[in-house]
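Final position of the sequence shown in the working numbering is 1450; the numbers increase by one with none missing. We treat Cβ as the ideally placed atom computed from N, Cα and C, and that holds for glycine. Since the structure is predicted, the reported quantities are computational estimates derived from the model, not experimental observations.
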Amino acid sequence: TSALAFWLRRACRRRTKLLPVTKAPEIKEPRDKARARLEWWQRLNEVKPALVLPDLRVSCSNQSQELEPAVYRAVARMVQERVDSGRDWLVRDSDYGEAPAHASIKEKVNTAILQCVLKTFGESLADQLLADPLKIILLLDTPQYGTLSKLSEAIPRLRHCQQVVVPQADLRHYFEMLRGDRFYVGVRAQRLDHWLCANAGHGFQCLVAFLDYECRLAG
């Protein structure tokens, strides 16, 4: 009996060794790409600058005293509504088409800007920027660089000047502006109001500013 039990145990061990070991198939959960993109977008929006409205400055003019507080309150209300409603997005999309209807008018506006700059600074604008890193030019421009192209015709050094600051809230336009070789300027992937709030403490002195009528101050 003991011998039989011994052989049975031995046979069972051999059978166990010979049996193939099969692993249960791993079940991979399908990746939710839409959710992953949404989470990435939410994390990206966590790093946007806080919107801060500067203190009101009222001039001595009676007319200004009547108009400025109402305008200030309207802007403050708009900023607060945007923050409270969760519409303070980091970037914005824009589409002006291949040939905007206002292209001919924009050409006249850019020419007028250049005339104003030359009348105000003469040939000293580039030298002033070189002498002081806190002096800047603030432009809202597109990948066609319409305004900067006109300025650089008379002031070529502006083509490669990082003190020419161009906030660009449209990411497609932003990367399109970076990949070209015509200009190397300070293009920033920010809305104008975010750029203003983020850089309010640097002490910049803006010599020239053109906030294009195609865009709104509030982004």
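Going by C-alpha distance, which of the options is nearest residue i?
| i | options | result |
| --- | --- | --- |
| residue 1415 | 1403, 1402 and 1393 | 1393 |
| residue 1302 | 1286, 1320 and 1315 | 1286 |
| residue 1411 | 1391, 1441 and 1368 | 1391 |
| residue 1338 | 1259, 1363, 1381 and 1265 | 1381 |
| residue 1360 | 1264, 1280, 1439 and 1304 | 1439 |
| residue 1417 | 1398, 1384, 1265 and 1402 | 1398 |
| residue 1277 | 1256, 1384 and 1320 | 1320 |
| residue 1403 | 1271, 1261, 1279 and 1324 | 1324 |
| residue 1363 | 1345, 1442 and 1433 | 1433 |
| residue 1442 | 1344, 1389, 1431 and 1349 | 1344 |
| residue 1413 | 1431, 1384, 1271 and 1349 | 1384 |
Could you round the C-beta distance between residue i and residue j to whole angstroms and report it? I think they count as a contact, below 8 Å.
| i | j | result |
| --- | --- | --- |
| residue 1435 | residue 1365 | 5 Å |
| residue 1395 | residue 1379 | 7 Å |
| residue 1221 | residue 1310 | Residue 1221 cannot be examined here, being either before or after the span of the chain that is shown, 1232 to 1450. |
| residue 1282 | residue 1314 | 6 Å |
| residue 1367 | residue 1437 | 6 Å |
| residue 1386 | residue 1357 | 5 Å |
List the residues that DSSP assigns as beta-bridge partners of residue i.
| i | result |
| --- | --- |
| residue 1366 | 1436 |
| residue 1416 | The partner list for residue 1416 (beta bridge, DSSP) is empty, contrary to what the question assumes. |
| residue 1398 | 1419 |
| residue 1441 | 1370 |
Flag this pair as touching only if the region 1349-1356 and the region 1418-1435 have three or more C-beta atom pairs under 8 Å; answer yes or no. The count of Cβ pairs closer than 8 Å, one atom from the region 1349-1356 and one from the region 1418-1435, stays below three, leaving the stretches out of contact.
Would you call the region 1366-1386 in contact with the region 1403-1417, where contact means no fewer than 3 C-beta pairs closer than 8 Å? Segment contact: the region 1366-1386 against the region 1403-1417, three or more CB-CB distances shorter than 8 Å; contact assigned.
Please give me, in chain order, every unbroken run of the alpha helix (DSSP H) with length at least 4 that falls completely inside the region 1298-1359. List check, alpha helix (DSSP H) in window: 1334-1352.
Of all the alpha helix (DSSP H) runs that stay within the bounds of the region 1253-1291, which reach a length of 4 or more residues? List check, alpha helix (DSSP H) in window: 1264-1276.
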